[in-house]
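Asker:
Protein chains: 2
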Amino acid sequence: MAQMLTQTFNTQAINTQIGGKIAPAHPVSDQFGAITGHVGLVATEFSYRKDEEIYGEDEPAEYVYQVVSGAVRTYKLLSDGRRQIGAFHLAGDVFGLESGTSHRLAAEAIIDTTVRLVKRGSLEKAAGTDVQVARKLWAMTAGELRHAEDHMLLLGRKTAMERVATFLLEMDRRLAVAGMMALPMCRRDIGDYLGLTLETVSRALSQLHAQGILGFSGARQIVLRNRQRLHNLDA
Amino acid sequence: MAQMLTQTFNTQAINTQIGGKIAPAHPVSDQFGAITGHVGLVATEFSYRKDEEIYGEDEPAEYVYQVVSGAVRTYKLLSDGRRQIGAFHLAGDVFGLESGTSHRLAAEAIIDTTVRLVKRGSLEKAAGTDVQVARKLWAMTAGELRHAEDHMLLLGRKTAMERVATFLLEMDRRLAVAGMMALPMCRRDIGDYLGLTLETVSRALSQLHAQGILGFSGARQIVLRNRQRLHNLDA
DNA sequence: CGCGTGATTGAGGACGGTCAAGACAAGTGG
DNA sequence: CCACTTGTCTTGACCGTCCTCAATCACGCG
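In order, the protein sequences belong to chains X and Z. Sequential numbering from 1 applies to the first sequence in full-length UniProt numbering. Sequential numbering from 1 applies to the second sequence in full-length UniProt numbering.
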């Protein structure tokens with residue numbers, strides 16, 4: 001967490017197109033606001049540059065974060081460098097919430113990113129007196145668990161094309177604006193999320209493009225032209 | 001949950017060797033007792049025969065369960081029958097705990113199994129008044145999330161041999177008695193847990209046997225003869 | 001003791017990985 | 001404004017791990 005203190009405070013690097021501001025397309029009720037607003041905790045804003053580490057695996061979990069703008073990947077590494085990305089966190093998403101004392105996955109900014117953060121201790125304290133807060137923390141962890149369970153099915157049993165189809169539908173749901181999505185992450189990140197190589201991801205996308213299921217305007221700007229056929233490709 | 005009402009109440013089918021009674025090798029503090037004891041909830045005992053469904057995917061989560069004796073698998077299915085087992089639950093383990101209203105995975109008894117169960121609603125109620133209970137429920141869900149995150153790394157990035165090595169070390173830790181483990185599940189279950197086929201699991205085990213890393217006394221009775229070498233095989 | 005389910009083993013094939021070359025886009029500096 | 005750099009993405013050829021299909025084996029149970 002040392003870099004937080006030395007971090008140059010970027011005057012909110014505006015993420016041109018890719019990434020986007022806070023104000024998620026589908027406000028499932030502001031995850032953080034439901035807590036901070038309710039209890040009146042102090043939330044600080046902070047910024048990270050592209051590829052900057054936010055916290056490391058097994059580091060003490062001092063803060064809980066919410067993405068204001070930008071995007072974050074959380075991941076685990078094997079000793080030889082193989083990486084599994086557990087989740088992508090986009091504007092509005094909370095990440096880094098732990099019931100225990102340390103972070104189970106590392107976190108990095110995918111692009112220039114601004115986060116809001118509160119001390120874990122203060123949340124714990126609030127949860128100790130306010131049962132509504134405690135309930136909300138549990139629900140957020142349960143939401144992450146649900147995603148992880150779905151993702152285990154993908155990683156263990158889906159084909160490459162099914163994984164990419166699932167990914168596109170997930171991102172479409174989470175960050176599409178006006179029918180178009182601007183992916184903040186590169187092909188390698190997508191591969192490490194889906195348990196594939198970047199080449200396999202690229203080939204699957206090319207194939208979907210050739211079939212007219214999606215359109216490109218730049219490698220990371222994607223329009224889904226036929227969600228139904230994509231859904232059929234997803235087991 | 002219909003079968004619960006029609007269930008013939010087996011007079012506690014004693015699981016000869018395989019499975020085992022409650023009294024886990026490593027009592028991390030009784031998960032259930034910490035709650036039921038504290039609040040004085042009514043816990044009922046119930047039994048399921050081998051391969052019997054305990055609840056289905058997306059079924060309303062009416063109860064929370066603890067394995068008394070036997071073993072349980074929780075899993076998700078794709079439409080064409082491909083299956084991903086998310087976790088094995090052994091004596092002492094709690095399963096079926098949901099923050100939401102429905103079960104995210106289906107649950108089946110692997111062998112004849114006895115469970116203790118309490119109504120989800122009564123736990124919720126207890127959590128609403130007792131902050132300690134609320135904290136414990138959160139911690140249990142967080143524990144499941146930790147396992148799922150580790151398992152995503154396995155499913156997305158480990159080789160077949162690494163997966164089997166990880167599995168053996170996990171089962172050794174969880175159910176070894178006197179240096180030997182009696183696996184309750186078949187090769188197909190192991191494969192569906194590890195994202196492999198049963199043949200690949202069998203080949204990996206045979207290879208480990210040939211190398212003297214483990215010994216068999218029956219296909220499901222395994223002795224680890226060299227945990228260090230097994231740990232080296234696990235990335 | 002014989003049957004049946006589950007486990008092992010083998011042969012062949014397919015899907016995705018590896019390695020490598022080239023295309024493309026965005027940003028930089030002359 | 002354009003050449004150059006750099007990182008990313010695409011595409012191709014080949015390879016290897018794991019899957020599929022099949023036969024046999026062996027253990028556990030009636």
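Heads up, the beta-carbon is just placed ideally off N, CA and C, and yes, glycines get one too.
1. Comparing alpha-carbon positions, which option in Z:H103, Z:L117, Z:L78 lies nearest D93 of chain Z?
2. Ordered along the chain, which non-local residues of its own chain (more than five positions away) have a Cβ less than 8 Å from that of D130 of chain X?
3. Could you tell me which of X:H147, X:L214, X:E53 sits nearest to Y193 of chain X, measuring between CA atoms?
4. Within 8 Å of any Cβ in chain Z, is that where the Cβ of S99 of chain X sits?
5. How would you write the range of the beta strand (DSSP E) that M180 of chain X sits in, first residue to last?
6. Let me make sure I understand the geometry here. Which of Z:A91, Z:K125, Z:K76 has the alpha-carbon closest to that of H103 of chain Z?
7. In the DSSP output, which residue or residues are listed as bridge partners for T74 of chain Z?
8. Report the rounded CA-to-CA distance for N232 of chain Z versus Q228 of chain X, giving the unit in angstroms.
9. Using 8 Å as the limit for Cβ to Cβ distance, is Q207 of chain Z near chain X?
10. Cβ atoms of I222 of chain X and M161 of chain X: under 8 Å apart, would you say?
11. Cβ closer than 8 Å: which chain X residues qualify as neighbours of F79 of chain Z?
12. Measure from the alpha carbon of T101 of chain Z to the alpha carbon of each residue in Z:E62, Z:E199, Z:A235, Z:M171, then state which is nearest.
13. In terms of residues, what are the limits of the beta strand (DSSP E) holding E45 of chain X?
14. What span of residues does the alpha helix (DSSP H) with T101 of chain X cover, start to end?
15. Name the residues in the segment 66–77 of chain Z whose C-beta lies less than 7 Å from a C-beta of chain X; which are they?
16. For G179 of chain Z, which residues from the same chain have a beta carbon less than 7 Å from its beta carbon, with the 5 sequence-adjacent residues on both sides left out?
17. Taking 8 Å as the threshold (C-beta atoms), are H89 of chain Z and A106 of chain Z in contact?
18. Examine chain Z for any beta-carbon lying closer than 8 Å to the beta-carbon of Q84 of chain X, and answer yes or no.
19. So L198 of chain Z and A235 of chain X are in contact, right, with Cβ under 8 Å, and what is the actual spacing, rounded?
20. With distances taken Cα to Cα, identify the nearest neighbour of V42 of chain Z among Z:S206, Z:G56, Z:S122.
21. Opposite residue 245 of chain Z in the DSSP bridges: which residues?
22. Mapping the DSSP letters down to three states, classify L196 of chain Z as helix, strand or coil.
23. Return the CA-CA distance between D30 of chain Z and H209 of chain Z, expressed in angstroms with no decimal places.
24. What are the residues in the segment 136–164 of chain X lying within 7 Å of chain Z by C-beta distance?
25. By how many angstroms is the C-alpha of V67 of chain X removed from the C-alpha of T159 of chain X?
26. Where does F167 of chain X land, buried or exposed, given buried means 16+ other C-beta within 10 angstroms?
27. Between L105 of chain Z and chain X, is any beta-carbon pair separated by less than 8 Å?
28. Assuming I110 of chain X and R73 of chain X are in contact, meaning their beta carbons sit under 8 Å apart, how far apart are those beta carbons, in whole angstroms?
29. Rounded to whole angstroms, what is the Cα-Cα separation between R157 of chain Z and A165 of chain X?
30. Mind checking the segment 110–139 of chain Z against chain X and listing, in chain order, the residues whose C-beta falls within less than 8 Å of any C-beta there?
31. Going straight from the alpha carbon of Q84 of chain X to that of C186 of chain X, what length do you get?
32. Measuring only between beta-carbons, confirm whether G195 of chain Z sits less than 8 Å from chain X.
Answerer: Based on what the coordinates show:
1. Z:L117
2. Correct list, in chain order: H38, V39.
3. X:H147
4. At least one chain Z Cβ lies under 8 Å of S99 of chain X.
5. 180–182
6. Z:K76
7. Z:A87, Z:A107
8. Their backbone Cα atoms lie some 46 Å apart in a straight line.
9. no
10. no
11. In the sequence as displayed, the identity of residue 79 of chain Z is Ser instead of Phe. The answer, in chain order, is A235.
12. Z:E62
13. 44–48
14. Counting along the chain, T101 of chain X falls outside any alpha helix (DSSP H), and DSSP gives it neither H nor E.
15. Taking a C-beta cut-off of 7 Å against chain X, the contacting residues of the segment 66–77 of chain Z are K76, listed in chain order.
16. V223
17. no
18. It does; some Cβ of chain Z falls within 8 Å.
19. The Cβ separation is near 20 Å, so there is no contact.
20. Z:S122
21. Since the first residue shown for chain Z is 1 and the last is 235, residue 245 of chain Z is missing from the structure and cannot be characterised.
22. coil
23. Pairing D30 of chain Z with H209 of chain Z, the inter-Cα distance amounts to about 35 Å.
24. L137, W138, A139, T141, A142, E144, L145, R146, A148, E149, H151, M152, L153, L155, G156, R157
25. 31 Å
26. buried
27. yes
28. 5 Å
29. Taking the straight line joining both Cα atoms gives about 20 Å.
30. A127, G128, T129, V131, A134, R135, L137, W138, A139
31. 14 Å
32. yes
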